[in-house]
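Enquirer:
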Amino acid sequence: MILSMMVDSATVAAVLVDPHVGQREAIEPRPKRKRSISTPTQFGPWNFGPQHGFGRVVRWTLERAPERLPSGDVEAVFSLMDNEITRSMWNYPFRITYRLILREKELHFHIGVYNPSKDLTFSFNLLLHTYLKVPDVRRCQITGLHGCTFIDKTRDGAIYQEGRDVVTINEWTDRIYQHTPQEHIITNVVSGRKMRLQKYNFPDTVVWNPWMDKARECQDFGDDEYPNMICVEAGHVSTPVILLPGTAFEASQILQVNMFHFWEWRNCDIKILSGNQRELARERNMKKQQGGQKKNKEDGLSHEQRKQRYVLLIIRKKKYVSMELESLVGQVCVIYRPVYTLKNFHVRFT
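Residues in the sequence shown are numbered consecutively from 766, following this note's numbering.
Next up, the structure:
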């Protein structure tokens, strides 16, 4: 996290280490260094103090120790205020509150920045460094970035537009995607599952992996760790937040795994197929035998009954969604009118 006023800036951060989903790590710690809540996660140099700012040398306050709520969730609250150390590097009052809520399959991050001054305005940039543990970063895909402009820090800050439907990583990647949607899906994390990242009041998304050469240059990053991690980070990076005296800024992020009942596809071909795979195979065989001629009552059902047995099957362009038809039948609507192909259609099942 970066706090700044005009040309002055200060970096502070908090980190969550070693959360698990079931018995497996969901967020990747950096094993080369023992980390505490005071360890910063903001990358990049800072001109007015230690590397990565004063978050590395000051200690956060545990406002509320982890406790189980009536809902069964676990909540903890941390805070950081200006003190003698921070004011020696960045002489502005501030207060940051960092609230974490752990649910069975979700992790909520709520962060607030407050300006208690009566006459001073400062600006800041905010970034949550989310290191996700993955089996193989080369197999991960990130949705929601198509068409977004991004700053490529591997190419001296050049600006490009993302043309891929899903973003993959096969080399050193350090990009700031601007004006991104509130939601991203990251595939092949936590034992090959999907993870949904939802963000609020974070207009940007940073995607980072140091790859082989840059991993060797990072003092707190193992040389062989890069294939098993990916950073997809919600932030307010490309433009600063201006915080007037007596005002506050709030933002949040939710990470959700084990999404077996969530699919979202854009620019899909939607075709009507009959109710189960055995019937489909039988109908295809009958059509071949009849030279393409179709019988109205080949299975003994009335025309109306046959129409009611049609369902929607989602077929992504150039790629079949690996989902058995039986698992889809209970979640889609039955239609009564034969429409064979609809393009550029957006459907979402939850």
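Ideal Cβ positions, reconstructed from N, Cα and C, are used throughout, including at glycine.
Which residues bound the alpha helix (DSSP H) around Glu982?
Expert: Where Glu982 is concerned, the enclosing alpha helix (DSSP H) stretches over Trp976 to Glu982.
Enquirer: What residue does the alpha helix (DSSP H) around Glu840 start on, and which one ends it?
Expert: Premise fails: Glu840 lies in the beta strand (DSSP E), Val839 to Met846, not in any alpha helix (DSSP H).
Enquirer: Among all the DSSP beta bridges, which residues are the ones paired with His994?
Expert: With the sequence shown as reference, residue 994 is identified as Met, and His is not the correct amino acid for it. Paired residues: Lys898.
Enquirer: When burial is assigned at 16 or more other CB atoms within 10 Å of the CB, is Val772 buried or exposed?
Expert: Since pLDDT at Val772 reaches only 31, below the 50 mark, its modelled position is unreliable, and the value read off the structure follows with that caveat. Val772 should be labelled exposed.
Enquirer: Out of curiosity, what's the CA-to-CA distance linking Ile1007 and Gly1000?
Expert: Their backbone Cα atoms lie some 15 Å apart in a straight line.
Enquirer: Answer with buried or exposed for Ser801, where buried requires no fewer than 16 other C-beta atoms within 10 angstroms of its C-beta.
Expert: A caution first: Ser801 carries a pLDDT of 35, below 50, which makes its placement in the model too unreliable to give a value.
Enquirer: Taking 7 Å as the limit between beta carbons, can you name the residues of its chain near Tyr965, skipping five residues before and five after?
Expert: Around Tyr965: Gln947, Ala1016 and Ser1017.
Enquirer: According to DSSP, is Ile934 part of a helix, a strand, or is it coil?
Expert: Ile934 falls in the coil class under three-state DSSP.
Enquirer: Helix, strand or coil: which one does DSSP assign to Thr851?
Expert: Residue state, collapsed to three classes: helix.
Enquirer: Can you give me the start and stop residues for the beta strand (DSSP E) that Met986 sits inside?
Expert: The question names Met, but residue 986 in the sequence shown is Phe. Taken as a continuous stretch (DSSP letters only), Phe986 belongs to no beta strand (DSSP E), as it is neither H nor E.
Enquirer: Alpha carbons only, please: which of Cys983, Glu990 and Ile876 is nearest the one belonging to Ala1013?
Expert: Here the closest residue by C-alpha is Ile876.
Enquirer: Which residue wins for smallest C-alpha separation from Asp884, given the options Leu1020, Val1022, Gln1021 and Pro1010?
Expert: Among Leu1020, Val1022, Gln1021 and Pro1010, the Cα nearest to that of Asp884 belongs to Pro1010.
Enquirer: Which same chain residues, not among the five before or five after Glu931, have their C-beta less than 6 Å away from its C-beta?
Expert: Sequence check: residue 931 is Val here, not Glu. Contacts found: Gln906 and Thr908.
Enquirer: Hey, how far is the Cα of Leu827 from the Cα of Ser836?
Expert: For Leu827 and Ser836, the distance between alpha carbons rounds to 22 Å.
Enquirer: Taking the beta strand (DSSP E) that Arg958 falls in, what are its first and last residues?
Expert: Arg958 to Tyr965 is the extent of the beta strand (DSSP E) around Arg958.
Enquirer: Find the nearest neighbour of Lys870 within the set Ala980, Arg824, Arg958 and Thr1004, judged by alpha-carbon distance.
Expert: When each option's Cα is compared against that of Lys870, the closest is Arg958.
Enquirer: Does the Cβ of Tyr857 have 16 or more other Cβ atoms within 10 Å, making it buried, or fewer, making it exposed?
Expert: With 16 or more other Cβ atoms within 10 Å, it is buried.
Enquirer: Note down, in chain order, each residue of its chain lying with its Cβ closer than 7 Å to the Cβ of Arg904, except the 5 sequence neighbours on either side.
Expert: Excluding residues within five positions, the ones whose Cβ falls inside 7 Å are Asn953.
Enquirer: So Leu834 is in the beta strand (DSSP E); what residue range does that whole segment cover?
Expert: Leu834 -> no beta strand (DSSP E), and no H or E assigned at all.
Enquirer: Expressed to the nearest angstrom, what Euclidean distance is found between the alpha-carbon atoms of Thr862 and Pro968?
Expert: Spanning the two alpha carbons is a distance of roughly 20 Å.
Enquirer: Expressed to the nearest angstrom, what Euclidean distance is found between the alpha-carbon atoms of Ala830 and Arg852?
Expert: Approximately 27 Å, taken between the alpha carbons.
Enquirer: Counting C-beta neighbours from all protein chains within 10 Å, is the total for Ile951 16 or more, i.e. buried, or is it exposed?
Expert: With 16 or more Cβ atoms within 10 Å of its Cβ, Ile951 is classed as buried.
Enquirer: Please check the pair Trp976 and Cys996, which I expect to be a contact at CB under 8 Å, by giving their CB distance rounded to whole angstroms.
Expert: The pair is not a contact, with the Cβ atoms about 12 Å apart (cut-off 8 Å).
Enquirer: Do you know offhand how far Arg833's Cα is from Leu845's?
Expert: If I take the Cα positions, the gap works out to 23 Å.
Enquirer: Which same chain residues end up closer than 6 Å to Gln943 when comparing Cβ atoms and leaving out the 5 residues on each side of it in sequence?
Expert: Within the same chain, Gln943 has close Cβ partners Thr914, Asp969 and Ser1003.
Enquirer: Using CA coordinates, which residue listed in Phe887, Asp917, Gln926 and Thr919 is at the minimum distance from Trp855?
Expert: Among Phe887, Asp917, Gln926 and Thr919, the Cα nearest to that of Trp855 is on Phe887.
Enquirer: Here's the rule I'm using: 16 or more other beta-carbon atoms within 10 Å means buried, otherwise exposed. How should Thr945 be labelled?
Expert: Its Cβ being crowded by 16 or more others within 10 Å, Thr945 is buried.
Enquirer: Report the three-state DSSP secondary structure of Arg940 (helix, strand or coil).
Expert: DSSP places Arg940 in strand when its eight states are reduced to three.
Enquirer: If you drop the 5 nearest sequence neighbours on each side, which residues of the same chain put their C-beta closer than 7 Å to that of His949?
Expert: These residues qualify, in order along the chain: Ile907, Thr908, Gly909, Leu962, Thr970 and Val997.
Enquirer: For Gly809, name the three-state secondary structure that DSSP assigns.
Expert: Residue confidence for Gly809 is low, a pLDDT of 42 falling below 50, so the modelled location carries little weight; the figure read from the coordinates is stated next. In this structure, Gly809 counts as coil in the three-state DSSP scheme.
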